[in-house]
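What follows is one structure encoded as structure tokens, with my remarks underneath.
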Amino acid sequence: MDAHHVVHVLSSLKVGGAERFVIDLSELQRQQEMSVSIASFGNPADPLVEVCGQHQLPVTHITGSLWGKYRRLYHLTRNNPILHVHSPAALRAMMPFLLTLGRHLRLVYTRHGAAPLAGKRWQRVHNLLRHRLHQITFVSEDGRNQFLSTYPWESRQCQVIENGIALPEISTPPQPQNPIRLGMVGRLVPIKHQIGLLQALETLSERRQQFTLDVFGDGPCRQELESFCQTHLSDMEVHFHGNVSDRHRIYDAMDVLVVTSQSEGLSIAMLEAMARQIPCIATAVGGNPRLVEDGHTGSLVDYDNPTQLASRLSGIQENPEQLVRWGIHAREWVARYFSIERTAACYQQIYQQGISR
0 MDAHHVVHVL
10 SSLKVGGAER
20 FVIDLSELQR
30 QQEMSVSIAS
40 FGNPADPLVE
50 VCGQHQLPVT
60 HITGSLWGKY
70 RRLYHLTRNN
80 PILHVHSPAA
90 LRAMMPFLLT
100 LGRHLRLVYT
110 RHGAAPLAGK
120 RWQRVHNLLR
130 HRLHQITFVS
140 EDGRNQFLST
150 YPWESRQCQV
160 IENGIALPEI
170 STPPQPQNPI
180 RLGMVGRLVP
190 IKHQIGLLQA
200 LETLSERRQQ
210 FTLDVFGDGP
220 CRQELESFCQ
230 THLSDMEVHF
240 HGNVSDRHRI
250 YDAMDVLVVT
260 SQSEGLSIAM
270 LEAMARQIPC
280 IATAVGGNPR
290 LVEDGHTGSL
300 VDYDNPTQLA
310 SRLSGIQENP
320 EQLVRWGIHA
330 REWVARYFSI
340 ERTAACYQQI
350 YQQGISR
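Numbering-wise (numbering that gives the first Met the number 0), the sequence shown opens with residue 0 and increments by one.
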């Protein structure tokens, strides 16, 4: 088994923060002369498959019949790589293989979300695989605490490794536009609670015309969100772009990123925005307070409090220059604490420990 041979396992290569992070991490590891590939249980037509190809990252699609999946997993792991699993759904799908043909493999399991996964089905998966997992890592302290509240395992098996990103170059620092361009990035699912921003904009009445909104992402809540905008926000400019893989297109469209989630791990979208000097207004949940220092790198609000969020929006509309200050501090914060190189070094140490045990 070789600590320089790693297979990253995902449930899909749809556009999402964890998937983006895995691609960036894999690219850096390949540059460090590691043997790296990605395994996906998703559709071969998922949008980020093409991005993997652009970065020359091999992708194995674990699809087909149960026997077909086992056969692909067996061939993928025949050289005894470290398996780095980034999705509870992928871990569950691999469980029969890991308990039989793959029982010799070293596993690193990263929880990118903060949900405790306390249901009976998830408890069965985690408890059956507990002694097969070399290390469980979490992207935030909140995620670790949530997990340990359900699974009182040895704390030494559960470690926090915060996400990191590659810091992009900025030729021209962004300047707030008029109207101010709000952006949202992520899956359109209930836990992300994008409706909270729409409700806040509704309370602003005619002042909401001082803003535009661009929504990047797709999911089951899209129709509900679009319907709300047509009914209650017809007098302002709102665009739903669906899944977009071009990060330049995403972040060039906004002056501030708004995150209204009920739960978060350590948001890649927030890191990417802040690295581009785009500040965030975010709910004070999960890892968000680790990224946003209220009034310095952005602003924190309570979850599901449209009135408070509307007040924050009014504040930046009255004083848009504070977005510039927040953005400068946000980029400095990310550069200091959240580099992809630091994150990769932490994982490499875990891989090496897995070999030595």
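By construction, the Cβ of each residue, glycine as well, lies at the ideal position given by its N, Cα and C atoms. Bear in mind that the values here come from a model prediction, so they are computed numbers and not experimental data.
Residue i versus residue j - alpha carbon distance
i: serine 244; j: lysine 119; result: 35 Å
i: glutamine 55; j: serine 39; result: 16 Å
i: arginine 186; j: phenylalanine 96; result: 30 Å
i: glycine 101; j: isoleucine 37; result: 17 Å
i: leucine 47; j: alanine 113; result: 23 Å
i: proline 278; j: isoleucine 61; result: 38 Å
i: glutamate 32; j: isoleucine 81; result: 15 Å
i: leucine 127; j: serine 154; result: 18 Å
i: leucine 299; j: arginine 143; result: 22 Å
i: proline 43; j: glutamate 49; result: 9 Å
i: proline 319; j: threonine 296; result: 14 Å
i: glutamine 174; j: serine 310; result: 22 Å
i: alanine 283; j: aspartate 293; result: 9 Å
i: glutamine 134; j: leucine 106; result: 7 Å
i: histidine 192; j: glutamine 321; result: 26 Å
i: isoleucine 190; j: leucine 224; result: 14 Å
i: histidine 85; j: valine 188; result: 19 Å
i: aspartate 217; j: leucine 132; result: 33 Å
i: threonine 76; j: tyrosine 69; result: 11 Å
i: arginine 123; j: threonine 149; result: 12 Å
i: leucine 203; j: tyrosine 336; result: 36 Å
i: arginine 110; j: leucine 147; result: 12 Å
i: leucine 67; j: methionine 94; result: In the sequence as displayed, the identity of residue 67 is glycine instead of leucine. Straight-line Cα distance between these residues: approximately 15 Å.
i: cysteine 51; j: arginine 246; result: 14 Å
i: isoleucine 333; j: arginine 341; result: In the sequence as displayed, the identity of residue 333 is valine instead of isoleucine. The straight-line gap from Cα to Cα measures roughly 12 Å.
i: glutamine 352; j: arginine 248; result: 40 Å
Contacting residues, own chain, Cβ-Cβ under 6 Å from residue i (five flanking each side not counted)
i: valine 35; result: Val5, Ser25, Gln28, Arg29
i: valine 214; result: Met183, Phe239
i: leucine 265; result: Val138, Ser139, Glu161, Asn162, Gly286
i: glycine 241; result: Asp217
i: arginine 207; result: Leu200, Met235
Buried versus exposed, by CB contacts within 10 Å (16 or more), residue i
i: aspartate 251; result: exposed
i: isoleucine 169; result: exposed
i: glycine 182; result: buried
i: tyrosine 108; result: buried
i: glutamine 348; result: exposed
i: serine 226; result: exposed
i: glutamate 317; result: exposed
i: proline 167; result: exposed
i: histidine 83; result: buried
i: histidine 103; result: exposed
i: tyrosine 350; result: buried
i: tyrosine 346; result: buried
i: glutamate 205; result: exposed
i: leucine 98; result: exposed
Residues of its chain near residue i, where Cβ-Cβ distance is below 8 Å and the 5 sequence neighbours each way are ignored
i: alanine 268; result: Gly16, Val184, Gly185, Leu256, Val258
Own chain partners of residue i with C-beta closer than 7 Å, once the 5 adjacent residues on each side are dropped
i: alanine 165; result: Asp23, Ile339
i: alanine 89; result: Val8, Leu9, Ser10, Phe40
i: glutamate 263; result: Ala113, Val284, Gly285, Gly286, Asn287
i: glutamine 158; result: Gln134, Thr136
i: tryptophan 371; result: No answer is possible for residue 371: the residues shown for the chain start at 0 and end at 356.
i: serine 260; result: Ile190, Lys191, His192, Thr282, Val284
i: phenylalanine 20; result: Asn162, Ile267
Span of the alpha helix (DSSP H) around residue i
i: histidine 125; result: 119-128
i: glutamine 134; result: Careful: glutamine 134 lies outside any alpha helix (DSSP H), inside the beta strand (DSSP E) at 132-137.
i: glutamate 49; result: 46-53
i: valine 323; result: 320-336
i: histidine 247; result: 246-250
i: aspartate 141; result: 140-149
i: alanine 88; result: 87-97
i: alanine 272; result: 267-274
i: asparagine 42; result: Premise fails: asparagine 42 is in no alpha helix (DSSP H) and is neither H nor E.
i: proline 288; result: 287-290
Span of the beta strand (DSSP E), counted from its first residue to its last, around residue i
i: arginine 110; result: 106-110
i: cysteine 157; result: 157-159
i: leucine 181; result: 179-184
i: leucine 232; result: Unbroken run through leucine 232: none, as it is neither H nor E.
i: histidine 238; result: 236-241
i: histidine 60; result: 58-60
i: leucine 256; result: 255-258
i: phenylalanine 215; result: 210-215
i: proline 80; result: 80-84
i: leucine 299; result: 297-300
i: serine 39; result: 34-39
i: isoleucine 280; result: 279-282
is_contact[residue i, chain D] using C-beta, thresh 9 Å
i: valine 84; result: Of the chains in the structure shown, none is chain D; there is only one protein chain.
Could you check whether the region 267-277 touches the region 322-335, counting it as contact only if at least three pairs of C-beta atoms, one from each stretch, sit closer than 8 Å? yes
Would you call the region 197-208 in contact with the region 295-306, where contact means no fewer than 3 C-beta pairs closer than 8 Å? yes
Within 8 Å, do at least three Cβ pairs link the region 132-142 to the region 281-291? Yes: at least three Cβ pairs fall under 8 Å.
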